[in-house]
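Presented below is the structure to which this report refers.
In full-length UniProt numbering, the protein residues as written are 1 to 491.
Set out below in structure tokens:
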């Protein structure tokens, strides 16, 4: 079994001077990161509340969960420190840490402890005690053993109606996910994965595990800033990047003078050193896909969730035309099936232990190892997967099932639309009266007319609302509840 602590110990012994993490303040070698992680682990283990929690004798108390809020560097430190301390990590978004903490405390009961780590200061060169030409696999003491099925990471999420949940991922889940992801998007020593996703989401945290498994370098950004991310990519050192569609769109919108496009008004064309641009977190529209492909971006549309430890399916390259929702085949080690409603179910080693409960009991949210996702999908004879929408987003307009993504994909082609989402308000005639909410220079009348020409009757928006921006979360996903409220306020 490999967890972050054992992987880092091995890398620090074998390649101590290799760069583990690049930050805006400087680089950390594997040896420096090991030293930082072990210092931080001692801080956690010497804390009285932590010691009391580790002494808990409840039958399912495998470990204590340490909830830590902070920026990207703080959460990266916490991930490694908790692994060395034998403690699960529940990373919190600083913007809503208090609310998330209260929800986690209710879900996890007495096993939850909230911790902070002292500032580490800027990165600095530390003499490496194992700078040898030959590998020294046993040069550093191994971290204490931890059960492979113990919780390692707790990711806060929400149900379809906003009810708080927390996904428990074990060391084995995370190791299986990293191995499968690296098999699909080859990652090796010398490669650099740019991580600008929040580390309190599984998409950002999973990059740590992939890079440690491969001995690659993490280029850690504290937040997504289009100009800074593009500068890093354009430097020619980044081989992999993870982006949401909203992030990709902002990179493509960079002006020519900053983006390095081939001509005035052109979108930025990444260097050949960027081999994989993993796109996930929200649905990728056809206009955005075609625009990015025309600019030479090596797009890899993907599908995954916290419950599957990030990537579950990824499309790397295809000879057939891409259609919206196409995410390629499942990663190795995963099985899938569709039920009668079209809902996708997943099973495999990277599927979560279960949802967090006060007893830390595994299996909550699973049925015989199968996880019922909230996504509707289609699987063809070749095993290629297409996501057609979310089951809990389905609308019924005039007695006909309508999924917002179907309407959004058509209306996105309307001239003058930059971003669009579809919701509904209650109506005595239609049931769900469709409302299109868009950003762009088009007029509501032109959008309505475009819908009349392109969509069947049940899918046509009856109301069209132009706004300055759509309600999206940090990962770029449409916040459907906020969108419905916006449409309701406009009626």
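C-beta atoms are modelled at their ideal positions from N, C-alpha and C, and glycine is treated no differently. Fair warning: this is a prediction, and the values are worked out from it, not measured in the lab.
Give the straight-line distance between the Cα atoms of residue i and residue j, rounded to the nearest whole angstrom.
i	j	result
residue 271	residue 234	6 angstroms
residue 340	residue 88	37 angstroms
residue 476	residue 356	25 angstroms
residue 249	residue 154	30 angstroms
residue 351	residue 165	16 angstroms
residue 317	residue 345	25 angstroms
residue 4	residue 20	12 angstroms
residue 308	residue 65	20 angstroms
residue 325	residue 46	49 angstroms
residue 101	residue 365	21 angstroms
residue 490	residue 425	10 angstroms
residue 191	residue 37	22 angstroms
residue 280	residue 185	14 angstroms
residue 300	residue 321	14 angstroms
residue 26	residue 171	29 angstroms
residue 42	residue 117	11 angstroms
residue 442	residue 143	59 angstroms
residue 431	residue 393	14 angstroms
residue 363	residue 195	31 angstroms
residue 336	residue 255	42 angstroms
residue 44	residue 297	42 angstroms
On the DSSP bridge assignment, give the partners of residue i in chain order.
i	result
residue 378	386
residue 355	167
residue 305	310
residue 276	240
residue 345	337, 372
residue 193	218, 240
residue 99	According to DSSP, residue 99 bridges with nothing at all.
residue 472	478
residue 423	435
residue 182	BP columns for residue 182 are empty, so no partner.
residue 414	Residue 414 pairs with nothing; no bridge assigned.
residue 46	According to DSSP, which records beta bridges pairwise, residue 46 is partnered with nothing at all.
Compare the C-alpha of residue i against each of the options and name the closest.
i	options	result
residue 435	333, 472, 383, 480	480
residue 193	218, 29, 174	218
residue 83	100, 19, 151	151
residue 6	80, 20, 178, 111	80
residue 212	247, 432, 15, 390	15
residue 343	377, 426, 328	377
residue 224	191, 296, 71	71
residue 282	304, 186, 407	304
residue 413	380, 390, 455	455
residue 358	113, 289, 442	113
residue 323	288, 336, 298	288
residue 448	398, 226, 408, 237	408
residue 368	382, 380, 383, 348	348
Confirm, please, whether the CB-CB distance from residue j to residue i is below 8 angstroms.
i	j	result
residue 104	residue 200	no
residue 531	residue 460	The chain is shown from 1 up to 491; residue 531 falls before or after that span and cannot be answered.
residue 360	residue 388	no
residue 245	residue 302	no
residue 400	residue 421	no
residue 182	residue 214	yes
residue 483	residue 423	yes
residue 216	residue 175	no
residue 168	residue 353	yes
residue 331	residue 180	yes
residue 371	residue 411	no
residue 24	residue 231	no
residue 239	residue 206	no
residue 310	residue 327	no
residue 30	residue 18	yes
residue 229	residue 277	no
residue 402	residue 458	yes
residue 156	residue 90	yes
residue 492	residue 329	Past the edges of the chain, shown from 1 to 491, lies residue 492, and the structure says nothing about it.
Buried or exposed: where does residue i fall if 16 or more other Cβ atoms within 10 Å of its Cβ makes it buried?
i	result
residue 77	buried
residue 268	buried
residue 12	buried
residue 9	buried
residue 373	buried
residue 146	buried
residue 375	buried
residue 429	exposed
residue 396	exposed
residue 198	buried
residue 74	buried
residue 119	exposed
residue 55	Residue confidence for residue 55 is low, a pLDDT of 42 falling below 50, so the modelled location carries little weight and cannot support an answer.
residue 390	buried
residue 488	exposed
residue 115	buried
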